[in-house]
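A.B. asks: Below are the structure tokens for one structure; questions will follow.
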Amino acid sequence: MKKSIGVFLVVLFCTLALVACSSGPKDLTKGKTPEKIVEESFAKWYELDSYDLDLNSQIKMSLGQQVMDMSMTGTISAFQNPLKMKMVMDVAIPGMNEKVAMEQYMVEEEQKVIIYQQVQGMWQKMTIDDPAMLELMSMDPRENLKLFMDNLTEAEILGEETIGDKVTVKIKIVASGKIFEDIFQDMAGTSLGISDDIFDTELLSQLGDMEYLIWIEKSTLETVKCQMDLTETMRNLGSALAAKISEPEMAELQELFSTMEMSLEYTVFNQNNVQDFTIPEEAKNAQEITLPSTGA
Numbered sequence: 082m083k084k085s086i087g088v089f090l091v092v093l094f095c096t097l098a099l100v101a102c103s104s105g106p107k108d109l110t111k112g113k114t115p116e117k118i119v120e121e122s123f124a125k126w127y128e129l130d131s132y133d134l135d136l137n138s139q140i141k142m143s144l145g146q147q148v149m150d151m152s153m154t155g156t157i158s159a160f161q162n163p164l165k166m167k168m169v170m171d172v173a174i175p176g177m178n179e180k181v182a183m184e185q186y187m188v189e190e191e192q193k194v195i196i197y198q199q200v201q202g203m204w205q206k207m208t209i210d211d212p213a214m215l216e217l218m219s220m221d222p223r224e225n226l227k228l229f230m231d232n233l234t235e236a237e238i239l240g241e242e243t244i245g246d247k248v249t250v251k252i253k254i255v256a257s258g259k260i261f262e263d264i265f266q267d268m269a270g271t272s273l274g275i276s277d278d279i280f281d282t283e284l285l286s287q288l289g290d291m292e293y294l295i296w297i298e299k300s301t302l303e304t305v306k307c308q309m310d311l312t313e314t315m316r317n318l319g320s321a322l323a324a325k326i327s328e329p330e331m332a333e334l335q336e337l338f339s340t341m342e343m344s345l346e347y348t349v350f351n352q353n354n355v356q357d358f359t360i361p362e363e364a365k366n367a368q369e370i371t372l373p374s375t376g377a
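In the working numbering, the protein residues as written are 82 to 377.
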């Protein structure tokens, strides 16, 4: 009897150990390079049907003795096919005692992009009737991924970090400044594009590399959080613009850029589980404003 009990206990302990091992969280990052982890994580994100973002952006700059702090916090809900987005933000603007509440919707309808925006209780409507712009915004996820990976120059695992209930791997990534040339080249000539006379290859080559941190969940490879310090990029942009444009106003603008500190942070959640939304009737009935010409 004692021998039977002993055998039973051995079998029981082995079974429990096997169950514990098999039910533990899997690690999809194991044995992979940081570049491969980033590529697979971004591939998953680009193929999502929907997701929510918590966004926090900070900008600080000075002009003479005046220091200006501007911040933007809020949530973005996005559906990718067809394009449908809702953004609710609180914006702190220098000189204003209270934050400005902003609500924006963007939808794709009949090969057009329609934007509804409410600022301080007033709705506005804008229509982008530009096939090139729509094509850019609806770019194939595989093309987005290729654009990023072609410009990825460095990826380094910095360690692990738990965010909420998610165990993540923290990775520093660096994208070549050439990515700006590729993005602005795609935007040129669209309704929201930038004139080639200003943003040419020479200027874009001076923006420098883009460095940021990304947190990726180990068990799913989903992107959880991202931080970007855009300070150097914005200061390089200011210097490049000042050298290119000899307008009197550029001296003041260059000073703003040269002192600018800018950061962006967002967390991703509710992947493929975003609550649907409808556009308010007062937004649909808002007065339409005309977008300015880019002069391209």
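Think of the CB as a built atom: it goes at the ideal place given N, C-alpha and C, for glycine as much as any other residue.
#1: When you compare the CB positions of GLU184 and GLN199, do they come within less than 7 Å of one another, or not?
#2: Going by beta-carbon coordinates alone, are GLU224 and VAL255 separated by less than 7 Å?
#3: DSSP three-state call for GLY155: helix, strand or coil?
#4: Could you round the C-beta distance between TRP204 and GLU363 to whole angstroms and report it? I think they count as a contact, below 8 Å.
#5: For ILE244, which of VAL355, TRP296, PRO175 and SER131 has the nearest alpha-carbon?
#6: Tell me the residue span of the beta strand (DSSP E) that contains THR371.
#7: Which residue wins for smallest C-alpha separation from ASN354, given the options GLU283, GLN161, SER320 and MET151?
#8: Using the C-alpha atoms, what's the distance from TRP126 back to GLU303?
#9: Using C-beta distances below 6 Å, list every residue in its chain close to VAL248, excluding the 5 sequence neighbours before and after it, in chain order.
#10: Within the continuous alpha helix (DSSP H) that includes GLU282, where are the two ends?
#11: Can you give me the C-alpha to C-alpha distance between ILE174 and GLN139, rounded to a whole angstrom?
#12: If you measure between the beta carbons of GLY240 and GLY289, is that distance less than 7 Å?
#13: For ARG360, which residues from the same chain have a beta carbon less than 8 Å from its beta carbon, with the 5 sequence-adjacent residues on both sides left out?
#14: Looking at the structure shown, is MET170 part of a helix, part of a strand, or coil, going by DSSP?
C.D. replies: On the basis of the data shown:
#1: In the sequence shown, residue 184 corresponds to position 103, counting from 1. In the sequence shown, residue 199 corresponds to position 118, counting from 1. Yes. Within cutoff.
#2: On the sequence shown, position 143 is the one that residue 224 refers to. On the sequence shown, position 174 is the one that residue 255 refers to. It is not a contact, given that the beta carbons lie outside the stated cut-off.
#3: The residue you call residue 155 lines up with position 74 of the sequence shown. Correct three-state label for GLY155: strand.
#4: Along the sequence shown, read from residue 1 onward, the residue named residue 204 stands at position 123. Along the sequence shown, read from residue 1 onward, the residue named residue 363 stands at position 282. So it is a contact: roughly 6 Å between Cβ atoms.
#5: Looking up residue 244 in the sequence shown gives position 163. Nearest option by C-alpha distance: TRP296.
#6: For the purposes of this step, residue 371 is identified with residue 290 of the sequence shown, where counting begins at 1. THR371 -> no beta strand (DSSP E), and no H or E assigned at all.
#7: Residue 354 sits at position 273 when you count from the first residue of the sequence shown. It is GLN161.
#8: Taking the first residue of the sequence shown as position 1, residue 303 is located at position 222. Taking the first residue of the sequence shown as position 1, residue 126 is located at position 45. Spanning the two alpha carbons is a distance of roughly 7 Å.
#9: For this step, residue 248 is matched to residue 167 along the sequence shown. Closer than 6 Å at the Cβ level, and outside the excluded window around VAL248, lie LYS299.
#10: Here residue 282 is taken as the residue at index 201 of the sequence shown, counted from 1. At residue 282 the sequence reads Thr, which differs from the Glu that was named. Where THR282 is concerned, the enclosing alpha helix (DSSP H) stretches over 282-285.
#11: Here residue 174 is taken as the residue at index 93 of the sequence shown, counted from 1. Here residue 139 is taken as the residue at index 58 of the sequence shown, counted from 1. Distance between the alpha carbons of ILE174 and GLN139: 11 Å.
#12: In the sequence shown, residue 240 corresponds to position 159, counting from 1. In the sequence shown, residue 289 corresponds to position 208, counting from 1. No; because the gap between Cβ atoms is not below 7 Å, this pair is not in contact.
#13: As a working note, residue 360 is residue 279 in the sequence shown. With the sequence shown as reference, residue 360 is identified as Ile, and Arg is not the correct amino acid for it. If we look at ILE360 and ignore the five residues flanking it on each side, its Cβ neighbours are TYR186, VAL188 and TYR197.
#14: Numbered from its first residue, the sequence shown carries residue 170 at position 89. Looking at MET170 - three-state DSSP - the assignment turns out to be strand.
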